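*Asks:* Please see the structure below; I have some questions.
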Amino acid sequence: MSGVTLTKAVKKYGDLEVVHGVDLTVEHGEFCVFVGPSGCGKSTLLRMIAGLEETTDGQIAIGGRDVTAVDPADRGVAMVFQTYALYPHMTVEENMGFGLKMNGHPKAEIEAKVSEASRILKLDQYLKRKPKALSGGQRQRVSIGRAIVRGPEVFLFDEPLSNLDAELRVDMRVEIARLHKDIGATMIYVTHDQVEAMTLADKIVVLRAGHIEQVGSPMELYANPDNKFVAGFIGSPS
Ligand code: ADP
Ligand code: MG
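Under this note's numbering, the first residue of the sequence shown carries the number 40, and numbering increases by one thereafter.
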């Protein structure tokens, strides 16, 4: 079981507090979407869960284990970035297998996992290519593949589709939904796209200036927004 629990999680950069004691539970296998205006702390929260940012105060638990002070590599999470963050000098298969290779996994196991991920993501034809010879959508597939290969219990996505054109975004959204259905992992997904949030989420977390404004299913938030701010993001025009 690999739910994620934040307990009074605080982030400060120097004297500036940007996350103000957030309490949140993401259930095992849930697809949880963070929405909110630019600068409200979505990426910071995701990076705190990943362990890429230190948590100043409070706790983060994954699968019931306190990981607040645990190394990112040992948290059972994998993150997918907006910018893909691929290694330009490596081929698709090298990019996907790199994390496992660094952790000393045997070559045959890495090949099997890369092959499985590339089948899921329809990248079989492109394994020997370098990122520059791929389209934006294919590059993002590779970065998702790199996460899959690591077999994480929790996937973290930071606006993974915002660099893609509208048509491709729809295709990739469908693929991400299918991926979640197929592998059943817990997923936390940041977006500023209302349609992405409404269609992907089991649970939406509306953030504002470093705190949670409201949490609920897409229908709950749509039908019963607590206030105008939430309504403005995903609520009905009441
Ligand atoms: P979002 O992803 O919702 O757009 P961020 O999590 O990136 O927001 O940022 C939240 C707040 O933290 C913003 O006010 C931002 O300026 C601030 N912030 C983010 N990273 C740093 C940093 N390394 N140093 C100082 N302030 C930061
Ligand atoms: Mg961000």
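Backbone N, C-alpha and C define an ideal beta-carbon position, used for all residues, glycine too. All of these numbers come straight from a predicted model, not from anything done at the bench.
Sort Lys-161, Gly-136, Leu-162, Gln-164 by Cα distance to Lys-152 and report the nearest one.
*Replies:* Taking the sequence shown and counting its residues from 1, one reaches residue 152 at position 113. With distances taken between Cα atoms, Lys-152 lies closest to Gly-136.
*Asks:* Do Gln-98 and Thr-46 come within 7 Å of each other at the CB atom, strictly closer than that value?
*Replies:* By one-based count along the sequence shown, residue 46 stands at place 7. By one-based count along the sequence shown, residue 98 stands at place 59. Yes; because the gap between Cβ atoms is below 7 Å, this pair is in contact.
*Asks:* Under the three-state reduction of DSSP, which class applies to Asp-96: helix, strand or coil?
*Replies:* Counted from its first residue, the sequence shown places residue 96 at position 57. Strand, per DSSP.
*Asks:* With distances taken Cα to Cα, identify the nearest neighbour of Asp-241 among Arg-247, Ala-224, His-128.
*Replies:* Here residue 241 is taken as the residue at index 202 of the sequence shown, counted from 1. The shortest Cα separation from Asp-241 among Arg-247, Ala-224, His-128 belongs to Ala-224.
*Asks:* State the start and end residues of the unbroken alpha helix (DSSP H) segment that holds Ile-243.
*Replies:* Counted from its first residue, the sequence shown places residue 243 at position 204. Element bounds for Ile-243: not the alpha helix (DSSP H) but the beta strand (DSSP E), 242–247.
*Asks:* Identify the residues that DSSP records as bridge partners of Thr-83: which are they?
*Replies:* Sequence index remark: in the sequence shown, residue 83 carries index 44 (1-based). Answer is none; Thr-83 lacks a bridge partner.
*Asks:* Out of Arg-180, Asn-266, Tyr-228, which one is the CA nearest neighbour of Val-74?
*Replies:* For the purposes of this step, residue 74 is taken as residue 35 along the sequence shown, with counting starting at 1. Here the closest residue by C-alpha is Tyr-228.
*Asks:* So what's Gly-53 in DSSP terms, helix, strand or just coil?
*Replies:* Position 14 of the sequence shown, counting from 1, holds the residue named residue 53. Coil.
*Asks:* Could you tell me the distance, in whole angstroms, from the CA atom of Met-288 to the CA atom of Ala-112?
*Replies:* No statement about residue 288 is possible, as the shown extent of the chain runs from 40 to 277 and does not include it.
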